[in-house]
Structure formats: structure tokens, C-alpha cells
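J.: Structure in C-alpha cells, see below.
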């Protein structure tokens, strides 16, 4: 299968590209990085620089693909002006999806976000209604990033209603890799009172890449949304205990499948995609949240 991966030079894009190659697929990559015109190492996938907010460039890179994995986006709302985040993220998705529908592409994987329900970057703070959070949780985004991701999921709904395309939206939790586990998760591992909107959840980038491959290979009809998060929480804390300790009765506690459960449930992805996470913060950090390779 010939798979186009957008945002291929980012943290998730690089891992997804390699995972897709390892799965035996032909990969075409695109991003905003300038291309190199030197001889490439053997096995390097074809790269095309493209600004996907431009419809013509989006159509040019999508043409000829069998499946699209759309990762390209400004990754959160705080580093750019709000209108830049919203316009870039929504219009790039619109253009790439429009091209996929026009060319009759059957599979489209969209990297959405755990922020879609709205409690990650709100202007007026609010908490999840229950935890672990799942795909049925109510959605009330306020910020331009979560709004654009939410609207993009609705674009997927519209696409499957008017064409034969099959769409999967993946909402990853806080993505970690070798270089950022200690900095990002170390404080939470040492002290559960270091709170985050994701309720101590995270995902290893290589487990996320495995989920992306499964989504691209899936024959699930229509449009499905999946959270992808590690089944354990950062620090291995007793989830029921820390949720009650730090949030009282403000967040309803739902049934847990393990004591150290994540604040975000990936049960649907495990059930419907056959996704099986293989990695944990334990593989990178010690009990004090320090890198094991030091």
C-alpha cells in the first residue's frame, strides 16, 4: 500500500514513517522542511515539501496515494497567534481530506488530539466529568487548537457521508520518546501532586506509531474515533487514590481495569483496532523519574 504521511518530520511523523516502512508499505512523506537534493541513503522514502493550507499543494502530494495519514499540524495553541493555529490546522486537514475524497482514496487516518473535550487549554477552567476519559465524554472545546481538531473530526463525518472513504481519528495522549520522558514525566513520577489535564496519562511515540499503522490498514467502515494512551499512568500511582486525593468528588471515578490505570482509556482501540501497547515509562525511567541510560 502506498501511504502518504503528512507532518513526517515531526516527533510523531518520524516514528509513524518508520513503523509504516517496517510494516512493508511504500511511504511518501511531506512537511514544511526544505528538501535535500543530495543522494539519499538507501530506503529513504520520497519527500515532497508542501504547505497543505494551499489546496493545490495538498492535491499534488495526495495524488497517487492509497491511504493518507494526516499528522501535520501546529501541535498546541500557545506558541502562535490563535487565528494562525486555527487556520493552519483546520484548513490543512480540509484540503488534504478534500483531495483524498476527490481521488477516491479509501483510507484516511487523522491525528486528532486528547484536547478535543476542551479541558486542556480552556479560558474558563473546567474538569472532566468522569475518569478514565473515553470517546463518549462530552466535548466543549474553547481554544483554537481543540476547536480545530474537533471540527476536523466533523470533516471526517462529512467525508464518509458523501463518499466511500473510511476515516479513523486518533486522539493521542501526551506523546513521549527517549529524549523527553525524564523532563516531561519525571516530576509526576516523583510527585503525583504535579497535575496535568490528562490525569497522569501519556503515550510512547512508538506505541502510537503502531496504532497509526493499524488504523491505516484497518477496514473499519465509516468514521471511528480512538484515544491512544498507555494503559498505566505516569508514576504507577493508585489511580483511584490520587484522583480522590487531588480532585475530591469533582470527577466521577469509573470502573478501572488496573490499579495504576491511566486517566484516559484506550479500551476501544484495543478492542476494535487490535492495538496492544508494548512500552511504559518503566522502560525509560527509574522509580524516581530519572533516565535509566544515565
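Residue numbers (full-length UniProt numbering): 1 to 294. Yeah, the Cβ is synthetic: ideal placement off N, Cα and C, and Gly gets one too. Keep in mind that this is a model prediction, so the values were computed, not measured.
Since residue 171 is in the beta strand (DSSP E), which residue starts that stretch and which ends it?
T.: Translated into the one-based positions of the chain shown, residue 171 becomes position 171. Taken as a continuous stretch (DSSP letters only), the beta strand (DSSP E) holding residue 171 covers 166-172.
J.: Measuring alpha carbon to alpha carbon, tell me which residue in 263, 215, 60 and 216 is nearest residue 238.
T.: As a position in the chain shown, residue 238 is number 238, starting the count at 1. Of the listed residues, the one whose Cα sits closest to residue 238 is 263.
J.: Report yes or no: is there a C-beta of chain C within less than 8 Å of the C-beta of residue 28?
T.: Protein chain content of the structure displayed is limited to a single chain, and chain C is not contained in it.
J.: Opposite residue 252 in the DSSP bridges: which residues?
T.: On the chain shown, residue 252 is found 252 positions in, with the first residue counted as 1. Note: residue 252 sits in a beta bridge opposite 130.
J.: State the DSSP-derived secondary structure class of residue 229, mapped to helix, strand or coil.
T.: Along the chain shown, one-based indexing puts residue 229 at 229. Residue 229: coil per DSSP, three-state reduction.
J.: Can the beta-carbon of residue 11 be found closer than 8 Å to that of residue 177?
T.: Along the chain shown, read from residue 1 onward, the residue named residue 11 stands at position 11. Along the chain shown, read from residue 1 onward, the residue named residue 177 stands at position 177. Closer than 8 Å, so yes.
J.: Going by DSSP, what residue range makes up the beta strand (DSSP E) through residue 111?
T.: As a working mapping, residue 111 is identified with position 111 in the chain shown. It spans 107-111 - the beta strand (DSSP E) in which residue 111 sits, taken as one unbroken run.
J.: How would you write the range of the beta strand (DSSP E) that residue 29 sits in, first residue to last?
T.: Translated into the one-based positions of the chain shown, residue 29 becomes position 29. It spans 26-31 - the beta strand (DSSP E) in which residue 29 sits, taken as one unbroken run.
J.: Report buried or exposed for residue 252, applying the criterion of at least 16 other Cβ atoms within 10 angstroms of its Cβ.
T.: Along the chain shown, one-based indexing puts residue 252 at 252. Exposed: under 16 other Cβ atoms inside 10 Å.
J.: Can you name, in chain order, every residue of its own chain whose Cβ lies under 7 Å from the Cβ of residue 82, other than the five neighbours on each side?
T.: Here residue 82 corresponds to residue number 82 of the chain shown, with the count starting at 1. Hits under 7 Å: 144.
J.: Report the rounded CA-to-CA distance for residue 152 versus residue 44, giving the unit in angstroms.
T.: Here residue 152 refers to the residue found at position 152 of the chain shown. Here residue 44 refers to the residue found at position 44 of the chain shown. In a straight line, the C-alpha of residue 152 is about 30 Å away from that of residue 44.
J.: Please list the terminal residues of the continuous alpha helix (DSSP H) segment that includes residue 84.
T.: By one-based count along the chain shown, residue 84 stands at place 84. Segment 82-102, the alpha helix (DSSP H) holding residue 84.
J.: Quick one: what's got a C-beta closer than 7 Å to residue 204's C-beta in the same chain, skipping five residues either side?
T.: Counting from one through the chain shown, the residue named residue 204 turns up at place 204. Result list for residue 204: 176, 230 and 279, in chain order.
J.: By Cβ distance below 8 Å, which residues in the same chain neighbour residue 48 in space, the five residues on each side in sequence not counted?
T.: As a position in the chain shown, residue 48 is number 48, starting the count at 1. Hits under 8 Å: 28, 29, 30, 35, 60 and 61.
J.: Smallest Cα separation from residue 164: which of 103, 134, 217 and 136?
T.: Numbered from 1 along the chain shown, position 164 holds the residue referred to as residue 164. Comparing Cα positions, the closest option is 103.
J.: Taking only the alpha-carbon atoms, compute the straight-line gap between residue 70 and residue 129 and give it to the nearest angstrom.
T.: Position 70 of the chain shown holds residue 70. Position 129 of the chain shown holds residue 129. The straight-line gap from Cα to Cα measures roughly 30 Å.
J.: Span of the alpha helix (DSSP H) holding residue 70?
T.: Here residue 70 corresponds to residue number 70 of the chain shown, with the count starting at 1. Run containing residue 70: none in the alpha helix (DSSP H); it sits in the beta strand (DSSP E), 67-70.
J.: Per DSSP, what kind of secondary structure is residue 49 in: helix, strand or coil?
T.: Working through the chain shown from its first residue, we reach residue 49 at position 49. Strand at residue 49.
J.: Flag this pair as touching only if the segment 160-174 and the segment 216-231 have three or more C-beta atom pairs under 8 Å; answer yes or no.
T.: Yes, the segment 160-174 is in contact with the segment 216-231.
J.: What does DSSP give as the partner residues of residue 153 in its beta bridges?
T.: By one-based count along the chain shown, residue 153 stands at place 153. Partner(s): none; residue 153 has no beta bridge.
J.: Residue 124: buried (16+ other C-beta within 10 angstroms of its C-beta) or exposed?
T.: For the purposes of this step, residue 124 is identified with residue 124 of the chain shown, where counting begins at 1. Per the 10 Å Cβ criterion, exposed.
J.: Closer than 7 Å by C-beta to residue 235: which residues in its own chain qualify, once you throw out the five before and the five after it? Chain order, please.
T.: Your numbering for residue 235 matches position 235 in the chain shown. So the qualifying residues of the chain are 188, 189, 192 and 200.
J.: Quick one: what's residue 57 bridged to in DSSP?
T.: Taking the first residue of the chain shown as position 1, residue 57 is located at position 57. Answer is none; residue 57 lacks a bridge partner.
J.: Which two residues bound the contiguous alpha helix (DSSP H) that contains residue 220?
T.: Walking along the chain shown from the start, residue 220 turns up at place 220. Run containing residue 220: none; DSSP gives neither H nor E here.
J.: If residue 87 sits next to residue 53, beta carbons under 8 Å apart, how far is it from one beta carbon to the other, in whole angstroms?
T.: Translated into the one-based positions of the chain shown, residue 87 becomes position 87. Translated into the one-based positions of the chain shown, residue 53 becomes position 53. Sure, about 7 Å apart at Cβ, within 8 Å.
J.: Just to confirm my understanding: we take residue 242, look at its own chain, exclude 5 residues before and 5 after, and list those with CB closer than 6 Å. What are they?
T.: As a first step, residue 242 is located in the chain shown; it is residue number 242 there, counting from the start. Same-chain partners within the cutoff: 192.
J.: Under 8 Å, do residue 58 and residue 99 count as touching if we go by C-beta distance?
T.: By one-based count along the chain shown, residue 58 stands at place 58. By one-based count along the chain shown, residue 99 stands at place 99. Cβ atoms of residue 58 and residue 99: closer than 8 Å.
J.: Let's test the definition: count the other Cβ atoms within 10 Å of the Cβ of residue 2 and tell me whether it reaches 16, buried, or not, exposed.
T.: As a position in the chain shown, residue 2 is number 2, starting the count at 1. Answer is exposed; the Cβ neighbour count stays below 16.
J.: On the criterion of 16 or more Cβ atoms from any shown chain inside 10 Å, does residue 22 qualify as buried, or is it exposed?
T.: In the chain shown, residue 22 corresponds to position 22, counting from 1. Exposed, since its Cβ has fewer than 16 Cβ neighbours within 10 Å.
J.: Run the CB neighbour count on residue 273, radius 10 Å, all protein chains shown included, and call it buried at 16 or more, exposed below.
T.: Within the chain shown, residue 273 is the residue found at index 273, counting from 1. Buried.
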